[in-house]
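Residues 0 to 104 in numbering that gives the first Met the number 0 are what the sequence shown spells out, letter by letter.
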Amino acid sequence: MSMFNNKAFIRRYYHEILEQRNTILIDEIFSPAFLAYPSLGPAYTLQEYKTALATSHYALEDIHVTVDDQIAEEDKVVTRWRATATHQGTFFGVPATGKTVTTSA
Numbered sequence: 000m001s002m003f004n005n006k007a008f009i010r011r012y013y014h015e016i017l018e019q020r021n022t023i024l025i026d027e028i029f030s031p032a033f034l035a036y037p038s039l040g041p042a043y044t045l046q047e048y049k050t051a052l053a054t055s056h057y058a059l060e061d062i063h064v065t066v067d068d069q070i071a072e073e074d075k076v077v078t079r080w081r082a083t084a085t086h087q088g089t090f091f092g093v094p095a096t097g098k099t100v101t102t103s104a
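Shown next, in the form of structure tokens:
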């Protein structure tokens, strides 16, 4: 896959899985051996990732991801992004507020 295609792949993930909630796509594009390495806590498996994503989708409505910058080299892509959503359900023990939340990485 070219560097351009790698970048497009990551953007597709943000758009189709996070924003459009097409979680069926996860099994099509992720390896069964997938491991996520969050900034806090231990790595988690594909099934654990799906559970975390379902929790996010339950609690956060209208997720919108903006890609601020992407750098690709060989088979690696680094993306600086920000996301906004409406807090509509309990999330990490915090009851719904109805407020817009923003996160970035």
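Glycine included, each C-beta is placed from N, C-alpha and C at the ideal position.
Query, Result
"Environment of Ala71 [buried if 16+ CB atoms lie within 10 Å]", "buried"
"Opening and closing residue of the alpha helix (DSSP H) in which Leu59 lies", "Not the alpha helix (DSSP H): Leu59 falls in the beta strand (DSSP E), residues Leu59 to Glu72."
"Reduced DSSP category for Thr89 - H, G, I as helix; E, B as strand; rest coil", "coil"
"Beta-carbon proximity check, Thr22 vs Leu59, cutoff 8 Å", "no"
"Buried or exposed (CB count within 10 angstroms, at least 16 for buried), Val93", "exposed"
"Residue of Tyr36, Ile25, Val77 and Thr85 minimising C-alpha distance to Ala95", "Thr85"
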